[in-house]
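*Asks:* Sharing a structure, written as C-alpha coordinates. Questions coming.
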(Lines of atoms letter the chains of each structure in order from A and count residues from 1; the text may use other names and numbers.)
(Lines give C-alpha, C1' and ligand atoms only; values in the text may rest on other atoms or scores of the structure.)
Protein backbone atom coordinates (compact mmCIF):
# COMPACT_ATOMS: atom_id res chain seq x y z
CA UNK A 1 0.00 0.00 0.00
CA UNK A 2 1.47 3.41 -0.93
CA UNK A 3 2.25 5.95 1.77
CA UNK A 4 -0.51 8.56 1.94
CA UNK A 5 0.58 11.54 4.08
CA UNK A 6 -3.00 12.64 4.77
CA UNK A 7 -3.71 9.21 6.29
CA UNK A 8 -0.37 8.49 7.97
CA UNK A 9 0.93 11.75 9.43
CA UNK A 10 -0.82 12.56 12.67
CA UNK A 11 -0.54 16.34 12.23
CA UNK A 12 -2.33 16.10 8.88
CA UNK A 13 -5.04 13.92 10.37
CA UNK A 14 -5.54 16.30 13.29
CA UNK A 15 -5.55 19.30 10.99
CA UNK A 16 -8.21 17.70 8.81
CA UNK A 17 -10.38 16.93 11.81
CA UNK A 18 -10.09 20.32 13.48
CA UNK A 19 -10.10 22.44 10.34
CA UNK A 20 -13.39 21.01 9.11
CA UNK A 21 -15.32 21.63 12.30
CA UNK A 22 -16.15 25.34 12.10
CA UNK A 23 -18.12 25.46 8.86
CA UNK A 24 -20.11 22.42 9.97
CA UNK A 25 -21.24 24.07 13.21
CA UNK A 26 -24.66 25.57 13.63
CA UNK A 27 -24.75 29.33 14.21
CA UNK A 28 -25.29 29.07 17.94
CA UNK A 29 -22.37 26.66 18.43
CA UNK A 30 -20.13 28.82 16.22
CA UNK A 31 -20.94 31.91 18.27
CA UNK A 32 -20.26 30.08 21.54
CA UNK A 33 -16.98 28.66 20.20
CA UNK A 34 -15.93 32.17 19.17
CA UNK A 35 -16.76 33.51 22.64
CA UNK A 36 -14.89 30.72 24.42
CA UNK A 37 -11.36 30.87 25.82
CA UNK A 38 -10.12 28.99 22.75
CA UNK A 39 -7.81 31.14 20.59
CA UNK A 40 -9.56 29.88 17.46
CA UNK A 41 -11.63 30.80 15.63
CA UNK A 42 -9.93 34.13 15.49
CA UNK A 43 -10.18 37.28 13.46
CA UNK A 44 -9.43 35.71 10.10
CA UNK A 45 -12.04 32.99 10.42
CA UNK A 46 -14.64 35.39 11.75
CA UNK A 47 -13.92 37.92 8.99
CA UNK A 48 -14.25 35.21 6.35
CA UNK A 49 -17.60 34.15 7.81
CA UNK A 50 -18.91 37.72 8.02
CA UNK A 51 -17.79 38.19 4.41
CA UNK A 52 -19.68 35.02 3.52
CA UNK A 53 -22.87 36.47 4.98
CA UNK A 54 -22.43 39.71 3.02
CA UNK A 55 -21.83 37.82 -0.22
CA UNK A 56 -24.82 35.59 0.52
CA UNK A 57 -27.05 38.65 0.81
CA UNK A 58 -25.74 40.09 -2.44
CA UNK A 59 -26.21 36.74 -4.16
CA UNK A 60 -29.78 36.54 -2.86
CA UNK A 61 -30.53 39.96 -4.35
CA UNK A 62 -29.02 38.90 -7.69
CA UNK A 63 -31.10 35.70 -7.68
CA UNK A 64 -34.29 37.56 -6.82
CA UNK A 65 -33.58 40.25 -9.42
CA UNK A 66 -32.84 37.74 -12.18
CA UNK A 67 -36.37 36.36 -11.82
CA UNK A 68 -38.18 39.65 -11.30
CA UNK A 69 -41.15 40.11 -13.59
CA UNK A 70 -40.44 42.66 -16.28
CA UNK A 71 -36.66 42.35 -15.97
CA UNK A 72 -36.25 39.55 -18.50
CA UNK A 73 -33.72 41.61 -20.43
CA UNK A 74 -31.51 41.73 -17.30
CA UNK A 75 -31.60 37.97 -16.58
CA UNK A 76 -28.08 37.33 -17.92
CA UNK A 77 -26.62 40.23 -15.94
CA UNK A 78 -28.11 39.19 -12.61
CA UNK A 79 -27.52 35.48 -13.21
CA UNK A 80 -23.84 36.18 -13.77
CA UNK A 81 -23.67 38.09 -10.49
CA UNK A 82 -25.47 35.23 -8.73
CA UNK A 83 -22.95 32.72 -10.13
CA UNK A 84 -20.03 34.94 -9.10
CA UNK A 85 -21.54 35.29 -5.65
CA UNK A 86 -21.81 31.52 -5.23
CA UNK A 87 -18.14 31.09 -6.16
CA UNK A 88 -17.00 33.78 -3.74
CA UNK A 89 -19.26 32.39 -1.02
CA UNK A 90 -17.70 28.92 -1.41
CA UNK A 91 -14.19 30.35 -1.28
CA UNK A 92 -14.91 32.38 1.85
CA UNK A 93 -16.42 29.35 3.58
CA UNK A 94 -13.22 27.40 2.84
CA UNK A 95 -11.20 30.28 4.28
CA UNK A 96 -13.10 30.11 7.58
CA UNK A 97 -11.49 26.76 8.29
CA UNK A 98 -8.25 27.41 6.42
CA UNK A 99 -7.46 30.36 8.69
CA UNK A 100 -7.96 28.27 11.80
CA UNK A 101 -5.89 25.43 10.32
CA UNK A 102 -3.05 27.88 9.52
CA UNK A 103 -3.16 29.19 13.08
CA UNK A 104 -3.00 25.64 14.44
CA UNK A 105 0.03 24.88 12.23
CA UNK A 106 1.82 28.01 13.46
CA UNK A 107 1.09 27.09 17.08
CA UNK A 108 2.38 23.55 16.52
CA UNK A 109 5.57 24.94 14.97
CA UNK A 110 6.07 27.37 17.87
CA UNK A 111 5.88 24.45 20.31
CA UNK A 112 8.69 22.56 18.56
CA UNK A 113 11.94 22.25 20.52
CA UNK A 114 14.59 24.90 19.91
CA UNK A 115 17.52 23.71 21.98
CA UNK A 116 19.98 22.83 19.22
CA UNK A 117 20.73 24.57 15.95
CA UNK A 118 19.12 21.65 14.09
CA UNK A 119 15.96 21.99 16.18
CA UNK A 120 15.92 25.75 15.60
CA UNK A 121 16.28 25.22 11.84
CA UNK A 122 13.51 22.60 11.81
CA UNK A 123 11.29 24.92 13.84
CA UNK A 124 11.94 27.84 11.48
CA UNK A 125 11.17 25.62 8.48
CA UNK A 126 7.94 24.41 10.08
CA UNK A 127 6.91 28.01 10.72
CA UNK A 128 7.62 28.95 7.09
CA UNK A 129 5.59 26.00 5.85
CA UNK A 130 2.72 26.75 8.20
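In our numbering, the protein residues as written are 452 to 581. C-beta atoms are modelled at their ideal positions from N, C-alpha and C, and glycine is treated no differently.
(1) What are the start and end residues of the alpha helix (DSSP H) that includes residue 483?
(2) By how many angstroms is the C-alpha of residue 503 removed from the C-alpha of residue 542?
(3) Look at the alpha carbon of residue 480 and the alpha carbon of residue 474, and state the distance between them as a whole number of angstroms.
(4) Looking at the secondary structure, which residues open and close the alpha helix (DSSP H) in which residue 434 lies?
(5) What is the rounded straight-line gap between the Cα of residue 589 and the Cα of residue 514?
*Replies:* A quick look at the data gives this:
(1) That run of the alpha helix (DSSP H) goes 478-486.
(2) Spanning the two alpha carbons is a distance of roughly 9 Å.
(3) Answer to the nearest angstrom: the Cα atoms are 11 Å apart.
(4) There is simply no residue 434 to check, as the chain begins at 452 and stops at 581 in what is shown.
(5) No information on residue 589 is available, as it lies outside the stretch 452 to 581 that the chain covers here.
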